[in-house]
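Below you'll find the structure, written out as structure tokens, and then a few comments.
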Amino acid sequence: MRVAPLEGWRHVEVADRHTAVDYAKVLKDLSDTHFRKAKKITLVQDNLNIHKPASLYEAFPAAEARRLVERFEWHYTPKHGSWLDMAESELSVLSGQCLDRRIADKQTLVEEVAAWQQSRNNKHVKTDWQFTTADARVKLKRLYPAI
49 MRVAPLEGWR HVEVADRHTA VDYAKVLKDL SDTHFRKAKK ITLVQDNLNI HKPASLYEAF
109 PAAEARRLVE RFEWHYTPKH GSWLDMAESE LSVLSGQCLD RRIADKQTLV EEVAAWQQSR
169 NNKHVKTDWQ FTTADARVKL KRLYPAI
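This is how it looks when you write it as structure tokens:
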């Protein structure tokens, strides 16, 4: 799941696996296809072990990996706060609106997810994020240093 919450854009990919190389290819696609004109791409993600710049070096030659690493501004949600990741919120919507029933096979799943994605993107559904830094300092006070 890739989400640009203020753009009203998301891209969902149904995959059999999620390796470091797969992740690196997703980042290259974000950089070179979806946001090729952006000077810097802010990347907010959970702490999954493959969600690291090192994945790019595993997948691409060093020069290409470095180019991609520098395109992103890397941010991670707190280890026990992945729900802060807006992609997680979007996955929850996907689950409720599209995956709330048994789907017989992968091809049907791919088609259903693509239709859901297209509908959401055509409507430019944005994320209405209301969790402020002040709220985070209260709710996640054990994760934030005292100031």
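Just so we're aligned, residue 49 is where the sequence shown starts under my numbering, counting upward by one. Positions of the beta carbon are idealized from the N, C-alpha and C atoms, including for glycine. In this text the structure is predicted, and so the values were computed from the model without any measurement.
Thr181: first and last residue of the uninterrupted alpha helix (DSSP H) it sits in:
181-187
Quick one: what's got a C-beta closer than 7 Å to His172's C-beta in the same chain, skipping five residues either side?
Gly56
Count Cβ pairs between the segment 77-88 and the segment 163-179 that sit closer than 8 Å; are there 3 or more?
No contact exists between the segment 77-88 and the segment 163-179.
Per-residue DSSP class, three states only, for Gln119:
Gln is not the amino acid found at residue 119; the sequence shown has Arg there. In this structure, Arg119 counts as helix in the three-state DSSP scheme.
Go through its chain and collect everything with a Cβ distance to Leu157's Cβ below 7 Å, but skip five positions before and after it.
Spatial neighbours of Leu157 in its own chain (CB-CB distance under 7 Å, excluding positions within 5 residues in sequence) are listed in chain order as Val62, Ile151.
Throw me the rounded Cβ distance for the Ile98 and Thr125 pair, which I believe falls under 8 Å.
15 Å between Cβ atoms; not a contact.
Beta strand (DSSP E) runs contained entirely in the segment 71-158, provided each spans 3 or more residues:
Segments of the beta strand (DSSP E) lying fully in the segment 71-158: 89-93, 120-124.
Alpha carbon to alpha carbon, how far is Ser143 from Leu104? Give it in angstroms, no decimals.
29 Å
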